[in-house]
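Below is one structure, written out as structure tokens; comments come after it.
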Amino acid sequence: MWLTTDGFVELVRDWWYSYQFLATPSFIFAGKLKALKQDLKKWNLEVFGHIDNQKSALLEELQVLEGQELQRDILEKGLLRKGMVMSNLERVLMAEETSWRQKSRALWLKEGDRCTKYFH
2 MWLTTDGFVE LVRDWWYSYQ FLATPSFIFA GKLKALKQDL KKWNLEVFGH
52 IDNQKSALLE ELQVLEGQEL QRDILEKGLL RKGMVMSNLE RVLMAEETSW
102 RQKSRALWLK EGDRCTKYFH
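With the sequence shown counted from 1, adding 1 to any position gets you my numbering.
Shown next as structure tokens:
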């Protein structure tokens, strides 16, 4: 999900080179990883936020706009807004799907295939 975001790789590179530690190479590496983890957490919350909240807000707004459209109270500006909301909703849904796919893969890697005991 992060790698599909424009400028993400450059952002990580800039962060990595901005960290300054004076110690052994292994301590420098560990310190940079720790600092990068904190920056990534903060960035993730700023850029993606809480996907469920975004999805709910967009669905509510879309429902209001569609209600206006059915009552013929919607103007051209409202139609443009509806298109933007639908585009943002599609982006959020793709991010949610990617997140779930990554979480399920991580869970499988963590727990492994429990059926291997049968073969040993």
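All residues carry an ideal CB built from backbone N, CA and C; glycine is no exception.
| Asked | Found |
| --- | --- |
| Helix, strand or coil at W44 according to DSSP, with G and I counted as helix | helix |
| Reference L94, options Q72, L41, L66, Q55, closest by Cα | Q55 |
| Simplified DSSP state of M95, which is helix, strand or coil | helix |
| Beta carbon of N89 nearer than 8 Å to that of L59 | yes |
| Length of the line joining the Cα atoms of G8 and L37 | 16 Å |
| Candidates F30, M85, E91: closest to Y18 by CA position | F30 |
| Rounded straight-line distance, which links the Cα of S100 to that of I52 | 9 Å |
| Runs of alpha helix (DSSP H) lying entirely within the stretch 22-90, each at least 4 residues, in chain order | 26-48, 52-71 |
| Residue of D15, W16, K33, R14 minimising C-alpha distance to L23 | K33 |
| V48, buried or exposed, once every other Cβ within 10 Å from all chains shown has been counted against 16 | exposed |
| Candidates M87, R102, W3: closest to W44 by CA position | W3 |
| Y20 (DSSP reduced to helix, strand or coil) | coil |
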